[in-house]
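Asker:
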Amino acid sequence: MQLIDTHVHLLHRGNLGYSWTEGIPALAEGDFTTADYFALAGDAVSDALYMEMAVDGETGWMDEARLLCAMMRDGTERLSGVVASCRPERAEGFAAWVEDCTAMGVNGFRRVLHEEPDDLSTTETYRANVRRIGAAGLPYELCYNDRQLGIARDLALACPDMPLILNHCGVPRIADGAFNSWRKDLAALAEVPHVLCKMSGVTAYCAPGTDHAAAIAPYIDTVLECFGPARMVWGSDWPVVNLGAGLPDWIAISRQILGRLSPDEARLIARDTATEVYGLSR
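As structure tokens, this is what we get:
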């Protein structure tokens with residue numbers, strides 16, 4: 037069974053800036069394209085969705101969405117969808133941005149929050165703008181760290197009737213062994229029925245030299261217990277996954293996890309839920 041990858045980052049340094057990658061050897065130099073990605077993924081992945089990259093500049097995030105949608109349309113990049121960045125904290129221009137992105141064929145939106153003040157997503161302006169995304173029939177990605185899962189739950193409760201997708205299993209601090217607090221807050225978030233969880237990125241949070249499959253096992257088991265396969269999607273977080281297991285190993289680990297489930301359950305995580313939530317059948 038082929039996977040749909042809902043979380044692929046691409047870097048085009050001649051067009052966009054990525055200052056946050058400085059000092060990270062695995063990411064600091066060169067471009068990362070879908071040609072590079074599929075050379076590693078092979079036929080294990082059928083479809084790749086671009087995930088916004090927190091690019092530099094006041095308007096860089098808009099340039100990014102326009103560039104990647106154009107590359108998807110003309111075949112420069114082998115993409116089945118684009119998740120664009122947005123600024124829900126801004127009242128001015130947000131509705132127009134959602135309209136522009138809808139016209140470009142965007143499949144969802146994300147705002148990176150784990151490096152932002154905790155109160156950024158707690159305002160009514162922010163919540164109303166996330167609801168605008170839902171009204172457009174699109175999902176919103178919850179990009180919070182494990183200490184912010186309570187804030188994510190508050191946002192989810194304020195934004196009903198739309199898919200909200202928790203990135204990277206809530207960014208658990210696996211290397212620190214911070215399991216119990218993460219599990220408690222994740223379970224509380226999972227009680228909100230329109231929140232889904234993305235099985236992605238977690239090997240990057242393991243200690244160096246760790247057996248990744250063993251280290252992440254209790255975390256993945258918890259996600260399965262709390263959300264169930266019908267509310268999970270799969271992602272690689274490439275090339276950030278290079279900080280952990282690397283793409284081929286993450287695919288192999290993921291196949292082991294899916295192999296323990298029934299075929300129908302595995303297909304939900306691998307393909308079906310992503311197809312529905314991101315509108316890939318449209």
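My numbering puts the first residue of the sequence shown at 37, with every later residue one more than the last. Idealized CB from N, CA, C, for every residue including glycine.
With C-beta atoms as the reference, is I333 less than 7 angstroms away from A251?
Answerer: Absent from the structure is residue 333, since the part of the chain shown begins at 37 and ends at 318.
Asker: In terms of residue numbering, what span does the alpha helix (DSSP H) encompassing H248 cover?
Answerer: H248 to F263
Asker: List in chain order: all unbroken alpha helix (DSSP H) runs of 4+ residues lying wholly within the region 130-171.
Answerer: Assignment of alpha helix (DSSP H) within the region 130-171, counting only whole runs of 4 or more residues, yields 130-140 and 160-171 in chain order.
Asker: Return the CA-CA distance between G264 and Y73, expressed in angstroms with no decimal places.
Answerer: 28 angstroms
Asker: Exposed or buried, Q184, counting other C-beta atoms within 10 Å across all chains shown (16 or more means buried)?
Answerer: buried
Asker: Measuring only between beta-carbons, confirm whether M235 sits less than 7 angstroms from chain D.
Answerer: No chain D appears in this structure, which consists of one protein chain only.
Asker: Could you compute how far the alpha carbon of M107 sits from the alpha carbon of G129?
Answerer: 25 angstroms
Asker: Could you check the C-alpha separation between R49 and L85 for me, to the nearest Å?
Answerer: 19 angstroms
Asker: Measuring CA to CA, which of A192, A224 and G237 is closest to H204?
Answerer: G237
Asker: Under 7 angstroms, do T42 and V228 count as touching if we go by C-beta distance?
Answerer: Their beta carbons are not under 7 angstroms apart, which means T42 does not touch V228 by this criterion.
Asker: Please report the straight-line C-alpha distance between N27 and S272, rounded to a whole angstrom.
Answerer: Given that the chain is displayed from residue 37 to residue 318, the structure contains no residue 27 and the question cannot be resolved.
Asker: Which same chain residues, not among the five before or five after A77, have their C-beta less than 7 angstroms away from its C-beta?
Answerer: L283 and I287
Asker: I'd like to check one pair, L200 with Y176: are the Cβ atoms closer than 7 angstroms?
Answerer: yes
Asker: Going along the chain, which unbroken runs of the alpha helix (DSSP H) with 4 or more residues stay wholly within the region 280-311?
Answerer: 283-295 and 299-303
Asker: Take R109 and list the residues in its own chain whose beta-carbon comes closer than 8 angstroms to its own, dropping the five residues that flank it on each side.
Answerer: Shown here for R109: same chain residues with a beta carbon closer than 8 angstroms to its own, the five before and five after excluded, namely G141 in chain order.
Asker: Less than 7 angstroms between the beta carbons of P275 and F68, yes or no?
Answerer: yes
Asker: What does a CB cutoff of less than 6 angstroms around R318 pick up in its chain, not counting 5 residues either side in sequence?
Answerer: A caution first: R318 carries a pLDDT of 49, below 50, which makes its placement in the model too unreliable to give a value.
Asker: As a quick exercise: from S116, T112, E113 and D190, pick the residue whose alpha carbon is nearest that of D155.
Answerer: Ranked by Cα distance from D155, the first of S116, T112, E113 and D190 is D190.
Asker: Roughly how far, in whole angstroms, is the beta-carbon of D99 from the beta-carbon of Y54, given that I think they are within contact range, below 8 angstroms?
Answerer: Wrong, their Cβ atoms sit about 13 angstroms apart, outside the cutoff.
Asker: Please state whether DSSP places D41 in a helix, a strand or coil.
Answerer: strand
Asker: So within the region 64-133, which uninterrupted beta strand (DSSP E) runs reach at least 3 residues, ignoring any that extend past its ends?
Answerer: 81-87 and 117-121
Asker: Can you grab the Cα-Cα spacing for the pair A171 / T158, in whole Å?
Answerer: 19 angstroms
Asker: For E177, list the residues DSSP reports as bridge partners.
Answerer: R146 and I201
Asker: Cβ atoms of R168 and V134: under 7 angstroms apart, would you say?
Answerer: yes
Asker: Would you check if the distance between the CB atom of S122 and the CB atom of L149 is smaller than 7 angstroms?
Answerer: It is worth fixing the name first, because residue 122 is Cys in this sequence and not Ser. No, these two residues do not count as a Cβ contact at 7 angstroms.
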